[in-house]
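In the working numbering, the protein residues as written are 24 to 473.
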Amino acid sequence: MTIDAADLTRLDRAHIIHPYLPGSATERVVMTEGSGCRLTDSEGRSYLDATGGLWLAQVGHGRAELADVAHEQMRKLEYFTSFWEFSNDRAIELAARLAEMAPEPLNHVYFTSGGSEGNEAAIKMARYYHHRRGESSRTWILARSKAYHGIGYGGGSATGFPLYHEGFAPMMPHVSHLTPPWPYRTELYDGQDPTDFLIRELEDRIAEIGPQNIAAMIGEPIMGVGGMLVPPADYWPRVREVLDRHGILLIFDEVVTAYGRVGEWFAAQYFGVTPDIIVTAKGITSGYVPLGALLVGDHVAEALLREHGFPMGYTYNGHPVATAVAAANLGIIEEEGMLARATSLGAFLHSELEGQLGELPILGEIRSVGMMLAVELVKDRDTREPLPLHPDRMPHDVIRRETGVIVRDSAHSLVLSPPLVMSETEAKEAASALRSVLERTAPTGEIRAA
């Protein structure tokens with residue numbers, strides 16, 4: 024049975040609850056096909072995907088070889104549990120590969136179905152690690168404002184946006200949020216060097232709570248939903264030193280940054296810091312099958328595996344189809360040189376954005392690491408006051424409708440995270456699309472008609 028475009032839209036409105044979509048919204052964009060960086064909707068319209076879905080389509084859409092791997096594995100073994108002594112060959116092979124890729128001593132892997140599950144597990148691991156070591160008082164989690172750590176209660180509580188807490192309270196207790204590293208917003212740091220300010224704040228917060236009460240600090244190496252916020256180069260090494268001194272674990276939420284997005288397998292390698300736990304998902308399969316993986320240090324795993332083991336499991340831990348697809352996806356990233364491509368093409372796209380947008384009065388700054396880019400919009404360049412955005416006419420919506428280029432708005436920034444297979448021609452197309460709308464955008468946020 025073939026359902027036409029109008030019926031698809033009607034059935035969507037009638038039956039699907041979309042994240043973050045107001046009930047009053049009527050428009051639907053129903054995607055039906057994808058290839059590389061291109062998408063096609065149910066009405067035959069073509070789009071350039073400059074978001075990689077939600078930061079994850081590393082190898083691009085429509086890779087038949089990944090579909091073939093999934094098909095072959097389903098015919099052989101579609102699923103069996105990884106609880107207790109049970110395992111499967113595909114999960115074992117992928118875990119060994121991830122341990123080889125990760126910084127030492129992250130030699131252990133705990134599989135999940137995605138990032139939110141991963142952050143829940145990481146927070147529990149951190150608390151349980153200290154409990155097993157006889158320090159059950161260590162329950163506090165340090166996080167940052169403008170952080171995003173998923174939609175579970177642990178990760179959701181660590182998330183630093185009040186919007187994501189409203190209506191869900193009470194949130195998980197013993198979470199404390201710190202100032203984010205956002206060098207462009209100099210007003211956050213009282214005229215001080217940003218890292219000096221942030222490290223002093225961290226030390227003061229640890230003293231206030233008591234180091235004997237803190238389990239871990241969780242942080243995105245680069246804050247994605249917060250607006251692609253890149254910390255100063257000395258930020259993470261200095262944070263690591265402070266946490267080590269107080270026996271506090273460091274959890275890197277690399278759900279967005281891992282698997283080539285920043286030009287390395289992990290942003291931990293980019294910043295030269297080894298966390299105790301790395302949470303990954305998204306790019307591990309390029310979105311072809313849901314999967315996540317925590318990379319866990321030897322010292323943490325040793326404590327978790329004592330006695331009856333880590334008392335927490337998901338039905339789909341180590342799913343054989345998902346892990347088979349992940350291994351094939353990582354092979355494509357490696358064989359096609361996508362880590363180096365993320366660096367070179369990311370620099371090219373940054374340059375194109377500078378050339379197209381550099382003289383616009385509403386441009387605050389362009390931030391990028393690899394294939395993570397953000398264009399921050401301001402009302403006034405001197406005061407850096409954020410551009411007021413109109414909910415019924417957001418720049419990213421106008422860009423999509425008028426040009427077919429899909430970008431994302433995030434904290435007064437337009438964020439781009441394209442598939443790593445994007446061409447230079449497509450990068451130019453994306454930059455030109457932003458220019459075509461932003462050059463008509465007034466400091467009031469109003470977008471003039473084309």
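We put the CB at the ideal spot given by N, CA and C, even for glycine.
Out of the options, point me to the one whose CA is closest to residue i's CA.
i    : options                : result
G474 : K402, L372, L376, Y311 : It is not possible to answer for residue 474, since the shown part of the chain is limited to 24 through 473.
R263 : G369, A93, I300        : I300
P185 : S168, S199, G173, G178 : S168
K99  : R407, K451, V344, D257 : V344
D64  : V52, T74, G75          : V52
T209 : V285, H342, L221       : L221
S433 : G249, G175, D227       : G249
Y133 : P217, E158, C60, S105  : S105
H331 : R155, E123, A119       : R155
L314 : A122, A326, W288, T346 : T346
A473 : R431, V421, P409, A114 : V421
G67  : D267, Q81, E382, M54   : M54
R416 : A465, G59, W107        : A465
Let me know if residue i comes out buried or exposed under the rule of 16 or more other beta-carbons within 10 Å of its beta-carbon.
i    : result
G183 : buried
E143 : buried
P414 : exposed
M484 : The shown model of the chain, from 24 to 473, leaves out residue 484, and the question about it has no answer.
G175 : buried
A29  : exposed
L45  : Reading the sequence as shown, one finds Pro at residue 45 and not Leu. Result: exposed.
S399 : In the sequence as presented, Ser is not what sits at residue 399; that position holds Glu. Buried, because 16 or more other Cβ atoms sit within 10 Å of the Cβ of E399.
W205 : buried
I14  : The displayed coordinates of the chain run from 24 to 473. Any statement about residue 14 would go beyond what the structure contains.
I140 : Correcting the residue identity first, residue 140 is Glu in this sequence and not Ile. Buried, since its Cβ has 16 or more Cβ neighbours within 10 Å.
M251 : buried
M97  : exposed
P42  : exposed
S367 : exposed
Identify every residue that forms a DSSP beta bridge with residue i.
i    : result
G59  : H84
E388 : E399
E287 : None, per the DSSP bridge assignment.
A131 : Position check: residue 131 holds His in this sequence, whereas Ala was assumed. BP columns for H131 point to V319.
T70  : The amino acid at residue 70 is misidentified as Thr; the sequence shows Tyr. L62, per the DSSP bridge assignment.
M240 : L165, L273
K437 : Before going further, note that residue 437 is Leu rather than Lys in the sequence given. DSSP, once it has assigned bridges, lists V398, D432 as partnering L437.
L252 : M246
T464 : I470
L6   : Because the chain is modelled from 24 through 473, residue 6 falls outside the range shown and cannot be assessed.
Next on the checklist: Pairs of beta-carbons, one from the segment 420-432 and one from the segment 369-388, closer than 8 angstroms: are there three or more?
Outcome noted: no
Item to check | Stretch-stretch touch, CB-based, cutoff 8 angstroms, three pairs: the segment 148-159 with the segment 348-357 | outcome: no
Item to check | Unbroken stretches of the beta strand (DSSP E), 3 residues or longer, contained in the segment 303-388 | outcome: 315-319
Checklist entry - If we count Cβ pairs, one from each stretch, closer than 8 angstroms, do we get three or more for the segment 30-48 versus the segment 391-408? => result no
Checklist entry - Is there contact between the segment 289-305 and the segment 242-262, where contact requires at least three CB pairs shorter than 8 angstroms? => result yes
Checklist entry - Counting Cβ pairs closer than 8 angstroms, one from the segment 434-453 and one from the segment 62-80, do we hit at least three? => result yes
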